[in-house]
Amino acid sequence: MVSAPERTGQGTEWRGLPVRLDAFEGPLDLLLYLIRREEVSIYDIPIARITEQYLAYIADLSDLDIDRAAEYLVMAATLLQIKARTLLPRPPRPEPEPEGTWEEEEDPRAELVRQLELYALYKEAARELARREAQAQRVWTRGWYPEPPGGPPPLVGVTLEDLVAAFRQVLEAESSWREVPRQEIPLREKVRQILARVRECPGGVRFHELFDRRASRLEIVVTFLALLELVRQRKVVAEQRQVFGEIWIRPAPGAQTEEADEA
Amino acid sequence: MIWDFGKAVVEALLLASPEPLTAARIAEVLGVEEREARILIDDLRRDYQAPGRGLAIREVAGGYQLVTRPELADYVERLLAPKGRGLSPAALETLAIIAYRQPITRAEIEAVRGVSVERILDNLLERRLIREVGRRDGPGRPILYGTTQEFLTYFGLKDLSELPPVEPRAEGQSLLRRLDAERGSRD
Numbered sequence: 002m003v004s005a006p007e008r009t010g011q012g013t014e015w016r017g018l019p020v021r022l023d024a025f026e027g028p029l030d031l032l033l034y035l036i037r038r039e040e041v042s043i044y045d046i047p048i049a050r051i052t053e054q055y056l057a058y059i060a061d062l063s064d065l066d067i068d069r070a071a072e073y074l075v076m077a078a079t080l081l082q083i084k085a086r087t088l089l090p091r092p093p094r095p096e097p098e099p100e101g102t103w104e105e106e107e108d109p110r111a112e113l114v115r116q117l118e119l120y121a122l123y124k125e126a127a128r129e130l131a132r133r134e135a136q137a138q139r140v141w142t143r144g145w146y147p148e149p150p151g152g153p154p155p156l157v158g159v160t161l162e163d164l165v166a167a168f169r170q171v172l173e174a175e176s177s178w179r180e181v182p183r184q185e186i187p188l189r190e191k192v193r194q195i196l197a198r199v200r201e202c203p204g205g206v207r208f209h210e211l212f213d214r215r216a217s218r219l220e221i222v223v224t225f226l227a228l229l230e231l232v233r234q235r236k237v238v239a240e241q242r243q244v245f246g247e248i249w250i251r252p253a254p255g256a257q258t259e260e261a262d263e264a
Numbered sequence: 551m552i553w554d555f556g557k558a559v560v561e562a563l564l565l566a567s568p569e570p571l572t573a574a575r576i577a578e579v580l581g582v583e584e585r586e587a588r589i590l591i592d593d594l595r596r597d598y599q600a601p602g603r604g605l606a607i608r609e610v611a612g613g614y615q616l617v618t619r620p621e622l623a624d625y626v627e628r629l630l631a632p633k634g635r636g637l638s639p640a641a642l643e644t645l646a647i648i649a650y651r652q653p654i655t656r657a658e659i660e661a662v663r664g665v666s667v668e669r670i671l672d673n674l675l676e677r678r679l680i681r682e683v684g685r686r687d688g689p690g691r692p693i694l695y696g697t698t699q700e701f702l703t704y705f706g707l708k709d710l711s712e713l714p715p716v717e718p719r720a721e722g723q724s725l726l727r728r729l730d731a732e733r734g735s736r737d
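Residue numbers (our numbering), protein chains in the order written: chain A, 2 to 264; chain B, 551 to 737.
Here's what the structure looks like:
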């Protein structure tokens, strides 16, 4: 929660209602909010005042995860840079040249203004979509179902419990899984790796082969999560051809293959 | 008489079809010209506009669909659960950018929104509101995204041109000149 500062410079009282930072869709959204609350044009932003308020708002980033916090900080840096540039004395003009050949140095705010303008445009477009959505929500079709129709069953002869049991075997097979210093392994990246691997082998990959012996325990867990995600998205099929047999992971038939060429 | 029969067939097809039916498809089934199919559809639409009907024919995603009348939604919701909360503002902003600027890469969307959209794209892909439509030539050959038929159906749009035009406001077009003018007055 951001507590509202008492007041800001330039004698402007702002009865800033405390608004949670996570109520905003990002730094541009927050900036637009501040600009509108000040009732100034986005074409003439009082940069010092807006920067000050922006910084007050992001004083507490603890609501946000690290990626979102970083996005707000990047904008803070941009604002401070613009503020600094507006404070710098302008270089003296050279001798007047014939009209048109002298290229004016751009207002330091220009790039930000363009960004804000574009963002405001699509924010408005999003509002229109929301109106459309609300209208469409009032209407039912005969074929309406809450969930999209499923593809082929992603588990063939296997249950989720079988997968978990197989995973436990992998974990227990090697008691010396390396414990490495915490290192971020993005799930998304793992999903991509497994998908690429599975698509190389249309016949399927053995379950345990997806787990790298040299991997850390964390990586093993992430690999399993990635596999479950792929099953859920119906991009791979988990199949057990014999009771207690090997579990095979193969590409789902008919699943989109546009991504295949990136492998 | 043949016309009445044709209209009845159109009504049956619209009820039976799980997704919007194009006039071309209806014409094909009926074995008539598309022009004739459209006359039948319009005729049926007029019937439904009469007072006392619970259904309507809406034009969506390039086809026609039999739907419940919006003013009866409260009753339908008593029967079925309401449809849910709808998309998040972040998802709507992202969809708006894709809808207007497709085909578009993730980096280009992020440049407009100023935030990462990776997770939102995954979610929209999974809901089939967007799809991968190709790759941009150039370094890394980034994936290009576009909207789907489901997108049109979800928002009840006939086609993309039904989206209101997004134009930079008039003052925006002279933006640079205005900024220049302001600076000039400060000098």
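For glycine and all other residues, C-beta sits at the position ideal for the given N, C-alpha and C.
Reference residue i; option with closest CA among the options
i: G246 (chain A); options: A:G158, A:V171, A:L211; result: A:G158
i: L231 (chain A); options: B:R686, B:E676, B:D687; result: B:E676
i: I648 (chain B); options: B:V582, B:V560, B:L702; result: B:L702
i: K742 (chain B); options: B:L594, B:A573, B:L571, B:Q599; result: Summary: the structure shown does not reach residue 742 (chain B), with chain B confined to residues 551 through 737, and so no result is reported for it.
i: D597 (chain B); options: B:A631, B:Y650, B:E561; result: B:E561
i: P689 (chain B); options: B:S711, B:T655, B:L710, B:D672; result: B:T655
i: C202 (chain A); options: A:A137, A:P254, A:R139, A:L88; result: A:P254
i: Y44 (chain A); options: A:R110, A:V75, A:L65, A:D23; result: A:R110
i: L629 (chain B); options: A:I248, A:W141, A:L22; result: A:W141
i: P568 (chain B); options: B:Q599, B:Q615, B:E627; result: B:Q615
i: L645 (chain B); options: A:D66, A:E129, A:A71; result: A:E129
i: E240 (chain A); options: A:L188, A:S217, A:A167; result: A:A167
i: L65 (chain A); options: A:E125, A:K124, A:Y58, A:D23; result: A:D23
i: L164 (chain A); options: A:Q194, A:L226, A:T52; result: A:L226
i: A70 (chain A); options: A:R38, A:L31, A:E39, A:T87; result: A:L31
i: A135 (chain A); options: B:G636, B:E712, B:G696; result: B:G636
i: L713 (chain B); options: B:L674, B:R651, B:I589; result: B:R651
i: A738 (chain B); options: B:R685, B:K633, B:G613, B:E700; result: Outside the shown range of chain B (551 to 737) lies residue 738 (chain B), about which nothing can therefore be said.
i: V75 (chain A); options: A:P90, A:I59, A:A216; result: A:I59
i: V244 (chain A); options: A:V199, A:A216, A:E220, A:T160; result: A:T160
i: R608 (chain B); options: A:R139, A:R38, A:Y55, A:I221; result: A:R139
i: R143 (chain A); options: B:Q699, B:L674, B:L565; result: B:L565
Alpha-carbon to alpha-carbon, residue j and residue i
i: R603 (chain B); j: L642 (chain B); result: 33 Å
i: A661 (chain B); j: L694 (chain B); result: 15 Å
i: F705 (chain B); j: L122 (chain A); result: 19 Å
i: L211 (chain A); j: G205 (chain A); result: 11 Å
i: L113 (chain A); j: A49 (chain A); result: 14 Å
i: I591 (chain B); j: A197 (chain A); result: 47 Å
i: K84 (chain A); j: E118 (chain A); result: 19 Å
i: R33 (chain A); j: V41 (chain A); result: Correcting the residue identity first, residue 33 (chain A) is Leu in this sequence and not Arg. Their Cα atoms are separated by approximately 10 Å.
i: D687 (chain B); j: F555 (chain B); result: 53 Å
i: R21 (chain A); j: L188 (chain A); result: 29 Å
i: P620 (chain B); j: E173 (chain A); result: 58 Å
i: I576 (chain B); j: P252 (chain A); result: 36 Å
i: V617 (chain B); j: A623 (chain B); result: 11 Å
i: Q234 (chain A); j: I186 (chain A); result: 20 Å
i: H209 (chain A); j: D672 (chain B); result: 27 Å
i: L35 (chain A); j: A574 (chain B); result: 52 Å
i: W249 (chain A); j: R242 (chain A); result: 8 Å
i: V171 (chain A); j: V238 (chain A); result: 19 Å
i: E53 (chain A); j: A127 (chain A); result: 29 Å
i: D709 (chain B); j: E220 (chain A); result: 45 Å
i: A1 (chain A); j: R37 (chain A); result: Outside the modelled stretch of chain A, which goes from 2 to 264, sits residue 1 (chain A), for which no answer is possible.
Continuous beta strand (DSSP E) stretch holding residue i: start and end
i: I607 (chain B); result: 605-610
i: L694 (chain B); result: 693-697
i: L616 (chain B); result: 613-618
i: V238 (chain A); result: 237-241
i: I266 (chain A); result: With chain A represented from 2 up to 264, any question about residue 266 (chain A) goes unanswered, as that position is not in the structure.
Whole-angstrom C-beta distance between residue j and residue i, which should lie under 8 Å
i: V683 (chain B); j: P653 (chain B); result: 5 Å
i: R663 (chain B); j: G27 (chain A); result: 6 Å
i: L563 (chain B); j: V579 (chain B); result: 6 Å
i: L80 (chain A); j: Y73 (chain A); result: With a Cβ gap of about 11 Å, L80 (chain A) and Y73 (chain A) do not count as contacting.
i: R133 (chain A); j: L707 (chain B); result: 7 Å
i: A657 (chain B); j: P692 (chain B); result: 6 Å
i: S666 (chain B); j: D68 (chain A); result: 6 Å
i: V507 (chain B); j: P570 (chain B); result: Residue 507 (chain B) cannot be examined here, being either before or after the span of chain B that is shown, 551 to 737.
i: P116 (chain A); j: L29 (chain A); result: What sits at residue 116 (chain A) in the sequence shown is Gln, not Pro. Their Cβ separation, rounded to whole angstroms, is 7 Å, which keeps Q116 (chain A) and L29 (chain A) in contact under 8 Å.
Segment limits, alpha helix (DSSP H) that includes residue i
i: R86 (chain A); result: 67-88
i: A135 (chain A); result: 111-137
i: Q194 (chain A); result: 188-201
i: E39 (chain A); result: That residue, E39 (chain A), is in no alpha helix (DSSP H); it is neither H nor E in DSSP.
i: F168 (chain A); result: 161-174
i: E53 (chain A); result: 48-58
i: V626 (chain B); result: 623-629
Please list the segments of the alpha helix (DSSP H) lying wholly inside the segment 638-713 of chain B, counting only runs of 4 or more residues, in order along the chain. 639-651, 656-663, 668-676, 699-705
### Query
Which runs of the beta strand (DSSP E) spanning at least 3 residues fall entirely within the segment 556-611 of chain B, listed in chain order?
605-610
Point to revise | In chain order, each alpha helix (DSSP H) run of at least 4 residues that lies wholly inside the segment 205-231 of chain A | key: none
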